[in-house]
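Single-structure report; data block below.
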Amino acid sequence: WDEPIIFELSRPGRRGIAVPQAEGPGVELPASVRREHAPKLPEMSQLHVLRHYLRLSQENLGFDLNIDVGQGTCTMKYSPKVNDLFAKATNPLHPHQHEDTVQGVLEIYWRMERMLAEISGMSRVSLQPGSGSAAIYANIAMIRAYHNANGGEHRDQVITTMFSHPSNAACAKTAGYEVITLMPDAEGLPDIEALKAAIGPRTAALMITNPEDTGVFNSRIKEFVDLVHSVGGLACYDQANANGILGITRARDVGFDLCHFNLHKTFSTPHSCGGPAAGACGVAPALEPFLPEPTVDRVEFDGNERFVLKYPEKSVGKIRPFLGVTPNVVRAYAWIMSLGAEGLRQVAETAVLNNNYLMHKILQIPGASVPWNSRHVEQARYSWQQLSEETGVHSEEIGTRAADFGVHYWTSHHPYLVPEPFTLEPTESYAKEDLDEYAAILAHVADEARRDPEFVKGAPYNQTIHKIDMTSLDDPKQWAPTWRAYVRKHLSGQG
Amino acid sequence: WDEPIIFELSRPGRRGIAVPQAEGPGVELPASVRREHAPKLPEMSQLHVLRHYLRLSQENLGFDLNIDVGQGTCTMKYSPKVNDLFAKATNPLHPHQHEDTVQGVLEIYWRMERMLAEISGMSRVSLQPGSGSAAIYANIAMIRAYHNANGGEHRDQVITTMFSHPSNAACAKTAGYEVITLMPDAEGLPDIEALKAAIGPRTAALMITNPEDTGVFNSRIKEFVDLVHSVGGLACYDQANANGILGITRARDVGFDLCHFNLHKTFSTPHSCGGPAAGACGVAPALEPFLPEPTVDRVEFDGNERFVLKYPEKSVGKIRPFLGVTPNVVRAYAWIMSLGAEGLRQVAETAVLNNNYLMHKILQIPGASVPWNSRHVEQARYSWQQLSEETGVHSEEIGTRAADFGVHYWTSHHPYLVPEPFTLEPTESYAKEDLDEYAAILAHVADEARRDPEFVKGAPYNQTIHKIDMTSLDDPKQWAPTWRAYVRKHLSGQG
Amino acid sequence: MTHPYIPNTEPGVRAEMLAAVGARSVEEFYADIPAELRLNRPLDLPAPLVAEQDLVRHMEGLFAKNVAGLSFLGHGSYAHYVPAVCDEVNSRSEFLTAYAGEPYEDHGRFQALFEYVSMMGELLEMDVVNVPTYDGYQASGTAIRMACRYTGRPKVLLSGAIAAEKLSKLRDFLSHDIEMVFAPVAANGEIGEVEIDDTFGAIYLETPNVYGVVETRGKELADLAHANGALLVVSADPISLGVLAPPAAYGADIACGDIQPLGMHPGYGGGHAGYIATQDHEPLVAEFPSRLFGIAPTKVPGEYGFGDVYYDRTSFAHREEGKEWVGTAAALWGITAGVYLALMGPEGMKELGETVLSRTRYAMDALGRHVTVRHRDAVHFREFAIEVPSSGALLDGLRDKGIFGGVALDDRTVLVCVTECHSTDDIDRLAAAVKEVLGA
Amino acid sequence: MTHPYIPNTEPGVRAEMLAAVGARSVEEFYADIPAELRLNRPLDLPAPLVAEQDLVRHMEGLFAKNVAGLSFLGHGSYAHYVPAVCDEVNSRSEFLTAYAGEPYEDHGRFQALFEYVSMMGELLEMDVVNVPTYDGYQASGTAIRMACRYTGRPKVLLSGAIAAEKLSKLRDFLSHDIEMVFAPVAANGEIGEVEIDDTFGAIYLETPNVYGVVETRGKELADLAHANGALLVVSADPISLGVLAPPAAYGADIACGDIQPLGMHPGYGGGHAGYIATQDHEPLVAEFPSRLFGIAPTKVPGEYGFGDVYYDRTSFAHREEGKEWVGTAAALWGITAGVYLALMGPEGMKELGETVLSRTRYAMDALGRHVTVRHRDAVHFREFAIEVPSSGALLDGLRDKGIFGGVALDDRTVLVCVTECHSTDDIDRLAAAVKEVLGA
């Protein structure tokens, strides 16, 4: 499709949907609040709105359609369609309904908390955060509240690692902390010597992912936790990469005080073009008083169980409206229920097997490598450094060319400590055939890069559009973050 | 996508869904009924089944995605998404539920019957037939029952017209009638002289469409009806092409004894790749005793209304299981309710305006013509005869090339009385811009045909597949109506 | 206001279009419709609910008048579990709103339907399966007609164990030119004594039959038919074929039936589609009225295309010279049944069959403690009949308890249906309720 | 059995893959996890419901414990009508399951989100709108932070008419380094006396506010803020902007709020997404933490591409050196809100606003006959507060009648919410029930 911008499809007088009539008395608005100019929204019939968005949807490559192993660190896995039905069942529920009228959904929250507590080893879990990053922020808020309540107001530093998600650093900064970032050592793992140098009386917490986004499990993780504890800091586990270790090892058993999961990664809720997602914060008993409000508790009542909302006294307050992203909590609950303990372990083991199998295939492609040659759990960050040096083709360009074959990858977050990076995470959802096909596509593109680098650099060729000139997007004079800005800056001269 | 046949995606041991366990006692089957060899169905994980079908869906051009005016005679119109929700609401209802537990759905049947009776002028309407063709068959069954009940067992001929849907002829034949087909006269309308010659004591009925599939309204239609009545025959109106005359003229007012509508055409239920559809048979009072069983009647009961099933004594019996294609009856009911009398008239007038506007544009394309140069109502059958004579490119090839631009048309049913035909029906759903774009595409392809006929003949170029060699499909030695037949005939030598 | 479904009612565009055509009003386009045929008043219809939300409220009000219950209803429509993926696929706009495009722009539809018929072929062990006809009734009627046309003998022997409603359809569809002879039902619920001669074109059998009884004499009947130059036509429920032998295995020439159980909701009777299958025998294939889709090469080696097999058979090609008629039937349900079979695979179909057999037996045992279960020694799949003092009184009593207990076959016989959706707890609840109602 | 979600658990393929890698078992891949960190027992979780149908039954059992009623609940989550097309689009696999592809293979997502921000821009009369953040709470917190960063002044004056839960979020998010000063609420329900000086970075106002009152002094506050070198930040409900002036019209520098009313179901709080908007003023644009999508040329003239505007602002680019943080927020709700606005168009938004204003007034009049309606002379949009002897007793009494009457703001104040989904009959039913409960 060569689908225009929606404003170009508008014709005055058309309507996509009709609205009920006022019925009640007319209300005259004072001039100070009355809208003067009608908003220039598109005017289209219903079919035409639908057709436009259906065409746009076909110009998008959802997980369900492609082999999405290139979205490493994001744990792209099958989100069962039946769980969408459960999510939709929450549509009519209003978050201010009286507890008595939402016992079903509260029970799901309570059961889900118990299951995640078992999976993490933590004593309580909040399902309120809207995403992994929001969960990280919530954990930092709890860390701050904990220290403030325990005479640690002076602790103003948070330590994190370079291969942890940027939100660990950014959320800590937003919460007012100085951020210390540990760089990888010669093995590619966070440098324990750097940690020893960094900890001290100002240390509020260590925020660390393991395995980090490289997919390497840090076997000295307990030393990290113990070191931070030794100076009175808290240890907080970013479990975004938990998919390979479900049922194998648990946050609390390593000594962590807090952890978080991304329900949209490990627990299969859909990624929705970038949210709504859902995060879960697990805490050890000492942190319970600080949990976001409210919590869902179970009480016995006349021999019956009943689920109620409680407001912890020292709560950090609200992280997001109401109890959380309920449709996704429901989906994740259903997903765990469909697998059970044995199933979750199969998830972990199969994700790890898939990753090691794919790594084996990728490393057979001339020019591809994986830094530090370590063992990998559920994903791996690779490098095209050698190929790039030979051909001048950059990793991003190879990924774009791969899109011509219906797959793609991303290069991960800046900065590129691993040169010419790409990160592959083949979760348990994929069949061997998918991995073979994915590796074959990358091998093909790498070969193209050797034979005709300019061709690869010119990609894409069979996508909706061709190579974009991104320069205007960083120029305030040219950038156009809305259609009205575009019309003003780029079209008004023509009109 | 280059999507394999589903059997090629199978790997033994995989499963797409799990089934509940037996729970009850084991049952030992006697050898005479026990299946010996497991069926060779595909074995795939759930994601892989889903992905396969999603990709196939993207390889299909639904009405919602394209400008579907080329599917003339089929009245492709917008099927509102909200009506799908109503259709789904019928999912759990079982057709053997007691009347008391399905008063809502029975009320919809009753109200829908009343509305279609008003639209057609008939006294009663059966919603049981599964499609327009099934409705035609039901009408013929009623005609036979009527004559048998009225001493007309000897009436063994049914008269129809060439531009009526083939099912009029085919259903009459299936019901045991001799079929007489009126050919068009010099004006393109059914030849009234031929009718005069055909009618007689053997005439059971006239089955006629108006406007016929050419889109021309036969202004002498009442004469046709009167002629058939004059010999004791019944007149049956195929209202498949009713979209342009809703609220303008009615079947009963012309004198017809029976008529049928296609709910999936005029009344917007989706075409579903070719069904489930739904048909409605309207009858005049004399035919009521013969309606398919059961009918839905309204009774007053203690001052309340109640809807009940009744079995007409002389009923032709069942045409299809239960009451009809309920989800589609519900959709069509909701569609009429969203429009009302004024809305239906707007539907008709706009469909006719759209058709005449498009015809004006098409006739500007050199090489395109419309036979007989008559006035047209809601559609028109065109001819590329002139272009074809000039270039050697056939209508079908032009349609296939148009598919490269995201639209297409069909050539209508055999035989091609109109040479190199194509039939366009731009219903009320389309915007002027759609019609402009459609005409521009055909103009472009016609131009291509002049400049490079071989290029057009080689189409398609950007579809999933390339030009098909259809010859094997009519050869019993080669045809492969299933994968197992294909494997046996074409692959087993290779294995 | 411009109606959301009719963009060109907006007066500006309307005027523009009329001007382009050179017409003064739409009325000009209707000039062929004589005045005396005109309806010179607005249609008398209810006031419209143009706002979608008002329509939703109206429809919800109607649906609120329906009542749900724990249902043991079957008898032609079955509440088997419908996997979410089935609904996901058949709700896709691309499939739901497509119609009859060519094999290029509608490649997906052709392939999906080809795959459906191919999977049915595996289930049935037959090489030719039609693109679905309307329903199982139509499939039976057409299958019998095919057999009669093929043999040139307008006479069929039918099992007596057929649902009354289906029989109503078959009589209408066949009896004007095909003689219908009925076999008795034996004491064990199976087809009884069968006698035919060389005037018969077909023997028609159903399994499981209207009583839920699995017919065990298929081979014998096939042999009998063939010995007399007739065909054996078997209507078999495809959901049973993971455990039960397909008709082809015991010699049936034509298999037919309804695929509603393969992923379609009951939908108050809206989920039906019919299948017809034969071996790849050209003269028999020639008798199919439905479309058949086949695989074909394209000009690119290795690429699969699809098209109509033997299109000349159809009324689309030859009007009344075609076989019966073909119209818009139930293609989407064919695609859906394909999704269902692909999800289930051979193991799923087998396990499902075992579960249904087992729970049916469990229910016969549970109810057998309170009422007489008919044909108790026969193999039952999904349904069985019980004998009660009054069908109506029992069903009314059960309905008061929120249970739809079954379908009354007559005043003293109720047909009970059990699928994989009924837990043993559900069945125990039914049995307890039956005891209570009858005991009162 | 191989689990339907995990194809490579099938033993054959597992062995094949292990062999290819040269590993004897999966255990080898876990060699880096020390023994003392291992969980040497199975997780203690409920027995799984592997059969989809068993899972459905379990979930339906849980959902059956929820209860529906005629609801007048609002206070941060609103049951406006959701057009079917909104759900159709956001249920599409292509959108629902996509994540973060590049602007080529994910062109559709980029365009849909660009169109969403563009339509919001028209509604707000502002040139820069973010790809949605989590919710209105977060949008307010970030908008205030943006203003404080921009002005370099960590101090904000907030309207006192803010929901308690939102305030809980703002305190957590802001108070550690931004001083929060509150303005009183005036007798008419609007913001009361406001005093600021040049230490303030922003004035923060909500309209309609927590009492449903539309603030009329926006222009005055904008002037006051600007006179003191501060910004005016206004949280405005976008559903009201078909009839109410957008914040930009009276001089607000940053607009923010929640888009849940634009096509998202309440979903027990799951439908939220936050917007933040400014004019195209580079130093203020630099303070956005969220992603901004912009239109850009491709190498084919006339073709539109899309990409990130000013990516360097973000934590994705510069970790703690970026502005706050950006993560997975609520993009799908942005796409959905775009569908909603395109369906409604300018006329639809206007009519909707008029309908809500009218029905709110109707409800105030109807309830005003039985209870005291607060701020009765102010302009109300959708919500208003009533004074009752006991909030709990009233709401309990209404709930017994199947009515969710409102949200208790305190022991004697109940907030009632009326949208276009409430007919005057619904409102009359509420009023009658209130009378009955209070009269008893």
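Sequence order for the protein chains is A, B, C and D.
Under UniProt numbering, the first residue of the first sequence carries the number 27, and numbering increases by one thereafter.
Under UniProt numbering, the first residue of the second sequence carries the number 27, and numbering increases by one thereafter.
Under UniProt numbering, the first residue of the third sequence carries the number 1, and numbering increases by one thereafter.
Under UniProt numbering, the first residue of the fourth sequence carries the number 1, and numbering increases by one thereafter.
Heads up, the beta-carbon is just placed ideally off N, CA and C, and yes, glycines get one too.
Quick caveat, the model's predicted, so the values are computed rather than measured.
Chain-ordered chain C contacts of residue i [CB-CB under 7 Å]
{"i": "LYS107 of chain A", "result": "ALA84, VAL85, GLU88"}
Beta carbon proximity, residue i to chain C, threshold 9 Å
{"i": "GLY521 of chain B", "result": "Because the pLDDT of GLY521 of chain B is 41, which lies under 50, any placement of that residue in the model is unreliable, and the question is left without a value."}
{"i": "THR240 of chain B", "result": "no"}
{"i": "MET148 of chain B", "result": "no"}
{"i": "TYR137 of chain D", "result": "no"}
Any non-hydrogen atom of the ligand SAM closer than 8 Å to residue i Cβ
{"i": "SER193 of chain B", "result": "No copy of the ligand SAM appears in this structure; indeed no ligand is present at all."}
Min CB distance residue i to chain D below 9 Å
{"i": "GLN372 of chain B", "result": "no"}
{"i": "ILE32 of chain B", "result": "no"}
{"i": "TYR78 of chain C", "result": "no"}
{"i": "residue 528 of chain B", "result": "For chain B, the structure presents residues 27 to 521; residue 528 of chain B sits outside this window and is missing."}
Residue i burial status per 10 Å Cβ neighbour count (16 or more: buried)
{"i": "ARG37 of chain A", "result": "buried"}
{"i": "residue 523 of chain A", "result": "A question about residue 523 of chain A goes unanswered here, because the residues of chain A that appear run from 27 up to 521."}
{"i": "VAL13 of chain C", "result": "buried"}
{"i": "PRO397 of chain B", "result": "buried"}
{"i": "ASN488 of chain B", "result": "exposed"}
{"i": "TYR337 of chain A", "result": "exposed"}
{"i": "VAL383 of chain D", "result": "Here residue 383 of chain D is Glu; the residue named in the question, Val, does not match the sequence. With 16 or more Cβ atoms within 10 Å of its Cβ, GLU383 of chain D is classed as buried."}
{"i": "LEU517 of chain B", "result": "exposed"}
Spatial neighbours of residue i in its chain, beta-carbon cut-off 7 Å, leaving aside the 5 residues before and after
{"i": "ASP126 of chain B", "result": "none"}
{"i": "ASN109 of chain B", "result": "ARG357, ALA360, TRP361"}
Minimum C-alpha distance to residue i - residue among the options
{"i": "ASN236 of chain A", "options": "A:MET188, A:ASN109, A:THR200", "result": "A:MET188"}
{"i": "GLY214 of chain B", "options": "B:ALA201, B:ASN244, B:PRO227, B:ALA196", "result": "B:ASN244"}
{"i": "ILE427 of chain C", "options": "C:PRO297, C:ASN188, C:ALA366", "result": "C:ALA366"}
{"i": "GLU27 of chain C", "options": "B:ALA465, B:TYR408, B:PRO192, B:THR275", "result": "B:THR275"}
{"i": "ASP87 of chain D", "options": "A:VAL75, A:GLY273, A:HIS63, A:ALA220", "result": "A:VAL75"}
Proximal chain C residues relative to residue i, where beta-carbon distance stays under 9 Å
{"i": "CYS256 of chain D", "result": "Per Cβ cutoff of 9 Å: no residues; CYS256 of chain D is ~28 Å from chain C at best."}
Residues that residue i contacts on chain A, provided the C-beta gap is smaller than 8 Å
{"i": "GLN84 of chain B", "result": "GLN84, LEU91"}
Chain D residues whose Cβ lies nearer than 7 Å to that of residue i
{"i": "CYS421 of chain C", "result": "GLN53"}
Sequence-distant residues of the same chain with beta carbon closer than 8 Å to residue i, five excluded per side
{"i": "GLN372 of chain B", "result": "LEU365, GLU454"}
{"i": "GLU420 of chain D", "result": "HIS80, TYR81, LEU352, THR355, VAL356, ARG359"}
Chain A residues whose Cβ lies nearer than 9 Å to that of residue i
{"i": "ALA457 of chain B", "result": "LEU35, ARG37, ARG40, MET70, SER71, LEU73, HIS74"}
Amino acids of chain B, ordered along the chain, whose beta-carbon sits closer than 7 Å to that of residue i
{"i": "THR9 of chain C", "result": "GLN372, THR376"}
Residues that residue i contacts on chain A, provided the C-beta gap is smaller than 7 Å
{"i": "LYS65 of chain D", "result": "GLN129, GLY130, GLU133"}
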